[in-house]
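Residue 1 is where the sequence shown starts when you use UniProt numbering, and the numbers rise one by one after that.
First comes the structure, then the notes that go with it.
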Amino acid sequence: MPAFLNFNCSKTIDCKQGAVRAVRYNVDGSYCLSCGSDKKIKLWNPVSGLLLKTYGGHADEVTDVAGSCDSSYIVSSSLDKSIIYWDVATGAPVRRLRSHAGGVRCVCFNEDSSIAISGGRDNAIMCWDIRTRRLDPVQVMKDAKDCITAVLTNDHKIFASSLDGCVRHYDIRVGELTCDEVGQPITYLAQTKDEQCLLVGCQDNTLRLLDCESGGLLSEYKGHQSADYHIECGILADDAHLVSGSSDGDAYVWDLLETKVLQRIRISDNGGVLHSLATHPKRQEMLFARRRDMYVFSTDLQIEEEQL
């Protein structure tokens, strides 16, 4: 495998929805979603840059969105304290869920997309059974001392990061809570494909790689600037490289094992915080959000690997 990465911009999309708050891929990476300060979600083809659908129904900025396992539905969170469950094809809201006492920061589906999990500024994590008509959450976890910044799940655990400096693991099978204290406000959370490690982005300009089982610190990655922004990070599809946004407007790519910066990706020369990103589930490809634009960056690494 080549020792270097060379990401280049393959598409720049003006989302025309005010400031872009978050960008996400669907389950197989064939489509992507953008959340805007204009209270709307937009569905795109990231290859052509074609706008496929617009979803409007929130009363405030949309903060996060996630696609279901069959790409038929999406769930979105907003500062209007609500979560909306959408039908992708019709663009209509199927269900609107309200129980958070503050703006909802993050949302995700479980593996079979029967449960939506949300985290909010009210320090609460809520689980919603979206296949029934029940409008109340089936479970509420209020262990955090500050805003929930990211939620993840696998077949038996829910992971949540918070500005209180802790990553909390909720084991659904045995009803146990494990808390890993990092000691710095955590702005984002990502998990490796093998589910062995968690990557946490902290406000002290450092990414930390934690062991999922022991909670031990495996590595630290530095070079980017996070300041007081909610900067997102991610793990590329090969599980060998990490990426983070930065308040200086650039993106940084690290080698997971060697912890060194492999590439500093210059997004634009006119500044702006690079706060949200998404890594493609299968390819060496990434989405970035900066101001009102979404950027698609990819590498010809796949071609090089095939030739080796």
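Even glycine gets a Cβ: it sits at the ideal position worked out from N, Cα and C.
Exercise. Start and end of the beta strand (DSSP E) containing Glu213?
Worked result: Neither: Glu213 is in no beta strand (DSSP E) and is coded neither H nor E.
Problem set entry | For Asp248, the residue or residues it bridges with in DSSP | According to DSSP, Asp248 bridges with nothing at all.
Problem set entry | Counted within 10 angstroms of its Cβ, other Cβ atoms place Glu305 as buried (16 or more) or exposed | Bear in mind that the predicted position of Glu305 carries a pLDDT of just 40, short of 50, making it too unreliable to give a figure here.
Problem set entry | Exposed unless 16 or more other CB atoms sit within 10 angstroms - verdict on Lys39 | Classification for Lys39: buried.
For this session: Quick one: residues in its chain with C-beta nearer than 6 Å to the C-beta of Arg24, no 5 flanking neighbours on either side, listed in chain order?
Result: Leu33, Val65 and Ala278, listed in sequence order.
Exercise. Given Leu301, which residues of its chain have a CB within under 6 Å of its CB, disregarding the five upstream and five downstream residues?
Worked result: Legend: pLDDT at Leu301 = 49, less than 50; position of this residue unreliable, no value from coordinates given.
For this session: Thinking Trp44 and Ile83 are a contact (beta carbons under 8 Å), I'd like their distance in whole angstroms, please.
Result: In this structure Trp44 does not touch Ile83 by the C-beta definition: roughly 22 Å separates them, more than the 8 Å allowed.
Problem set entry | Per DSSP, the bridge partner or partners of Tyr295 | According to DSSP, which records beta bridges pairwise, Tyr295 is partnered with Thr12 and Phe288.
For this session: State the Cα-Cα distance for the pair Val138 and Met126, rounded to the nearest angstrom.
Result: Each residue's Cα considered, the two are about 8 Å apart.
For this session: State yes or no: is the C-beta of Ile148 within less than 9 Å of the C-beta of Arg173?
Result: The beta carbons of Ile148 and Arg173 sit no closer together than 9 Å.
Exercise. Should Ser226 and Ser247 be called a contact, given that it needs their Cβ atoms to be closer than 9 Å?
Worked result: Yes, the pair counts as a contact, with Cβ atoms nearer than the cut-off.
For this session: Would you decide whether Lys193 is buried or exposed? Buried here means 16 or more other CB atoms lie within 10 Å of its CB.
Result: It is exposed - the Cβ of Lys193 has fewer than 16 other Cβ atoms within 10 Å.
Exercise. Residues bridged to Gly67 by DSSP?
Worked result: BP columns for Gly67 point to Ile74.
Problem set entry | Enclosing beta strand (DSSP E) for Glu181 [first to last residue] | Here the beta strand (DSSP E) through Glu181 covers Glu176 to Glu181.
Exercise. Considering Ala160, what are the terminal residues of the beta strand (DSSP E) in which it resides?
Worked result: Taken as a continuous stretch (DSSP letters only), the beta strand (DSSP E) holding Ala160 covers Lys157 to Ser162.
Exercise. For Leu274, which residues does DSSP report across the bridge?
Worked result: Bridge partners of Leu274 according to DSSP: Ser246 and Arg290.
Exercise. Under 9 Å between the Cβ atoms of Lys81 and Val296?
Worked result: Taking a C-beta distance under 9 Å as the contact criterion, Lys81 and Val296 do not qualify as a contact pair.
For this session: Could you please give the first and the last residue of the uninterrupted beta strand (DSSP E) stretch that includes Gly223?
Result: That residue, Gly223, is in no beta strand (DSSP E); it is neither H nor E in DSSP.
For this session: For Val151, name the three-state secondary structure that DSSP assigns.
Result: In the structure shown, Val151 adopts extended strand secondary structure according to DSSP, grouped into three states.
Exercise. In the DSSP assignment, what are the bridge partners of Tyr55?
Worked result: Per DSSP, the beta bridge partners of Tyr55 are Ile41.
For this session: Round the Cβ separation of Arg21 and Thr63 to the nearest angstrom and send it over; I've been treating them as touching at under 8 Å.
Result: Contact between Arg21 and Thr63 holds: their C-beta atoms lie close to 6 Å from each other, under 8 Å.
Exercise. Given that a residue counts as buried once 16 or more other Cβ atoms are within 10 Å of its Cβ, and exposed if not, what is Gly56?
Worked result: Under this definition Gly56 is an exposed residue.
Problem set entry | Extent of the continuous beta strand (DSSP E) run through Val20 | Per DSSP, Val20 belongs to the beta strand (DSSP E) from Val20 to Tyr25.
Problem set entry | For residue 311, the first and last residue of its enclosing beta strand (DSSP E) | Lying before the first or after the last residue shown, residue 311 is absent from the chain, which here runs from 1 to 308.
For this session: Check whether the Cβ atoms of Ile231 and Gly245 sit closer than 9 Å, and answer yes or no.
Result: It is a contact, given that the beta carbons lie within the stated cut-off.
Exercise. Between Lys222 and the rest of its own chain, which residues show a CB-CB distance below 7 Å, the 5 nearest in sequence each way excluded?
Worked result: Take Lys222, set aside five residues on each side of it, and the residues of its chain with a beta-carbon closer than 7 Å to its own are Asn205 and Thr206, in chain order.
Problem set entry | Element boundaries [beta strand (DSSP E), containing Gly120] | Residues Ile115 to Gly120.
Exercise. Going by DSSP, what residues sit across from Ile125 in a beta bridge?
Worked result: Partner(s): Gly119 and Met141.
Exercise. Going by alpha carbons, who is nearest to Ser219 out of Leu199, Val27, Ile235 and Tyr229?
Worked result: Considering only alpha carbons, the answer is Leu199.
Problem set entry | Helix, strand or coil at Gln191 [DSSP, three-state] | It is a strand residue.
Exercise. Residues in its own chain within less than 6 Å of Ser118 by CB, not counting five upstream and five downstream?
Worked result: Result list for Ser118: Ser77, Ile83, Val104, Val107 and Met126, in chain order.
Exercise. Do the CB positions of Cys197 and Asp211 come within less than 9 Å of each other?
Worked result: Annotated as proximal: Cys197 and Asp211, with beta-carbon spacing under 9 Å.
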